[in-house]
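Data block below; observations after.
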Amino acid sequence: MGIEMIIGLATALLAVIAGAFGIGHARGTSKAEAKADQQRTEENAAATVAAAERKAEVMKGASDVQQTVSHMPDDDVDRELREKFTRPGSR
């Protein structure tokens, strides 16, 4: 076996090892990107659900206030607004 043959085999072996690492890296990157995309989708879905729940709570509160005010005499509404309403940041 000549020196050229040994060098050729060593080079081929190194090429095979480098190729295996390259393929492994590509597969790992692909899996990581897929996992990140799935996590982003789940986070967006959770944020959408939370926003919808907050909106429903606010709408319910506004409806309750509107119903309460519509059943109160005008003088009582005026008095409550004067006593309880403050502009944000004024106190």
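Mapping the sequence shown onto the UniProt record's numbering, position 86 (from 1) lands on 86, and the numbers just tick up by one.
Just so it is clear, CB atoms sit at the ideal spot from N, CA and C, and this is done for glycine as well.
Could you check where the alpha helix (DSSP H) with residue i kicks off and where it finishes?
i, result
"Phe21", "3-70"
"Arg79", "74-84"
Taking only the alpha-carbon atoms, compute the straight-line gap between residue i and residue j and give it to the nearest angstrom.
i, j, result
"Ala52", "Asp76", "33 Å"
"Glu43", "Glu33", "15 Å"
"Pro73", "Asp37", "56 Å"
"Leu14", "Glu4", "15 Å"
"Pro88", "His71", "27 Å"
"Ser63", "Gln39", "36 Å"
"Met59", "Thr41", "27 Å"
"Val16", "Ile7", "14 Å"
"Arg54", "Gln67", "20 Å"
"Ala20", "Ala12", "12 Å"
"Glu57", "Ala47", "15 Å"
Near residue i, what residues of its chain come up, given a Cβ to Cβ distance below 6 Å and the 5 sequence neighbours on each side ignored?
i, result
"Ala50", "none"
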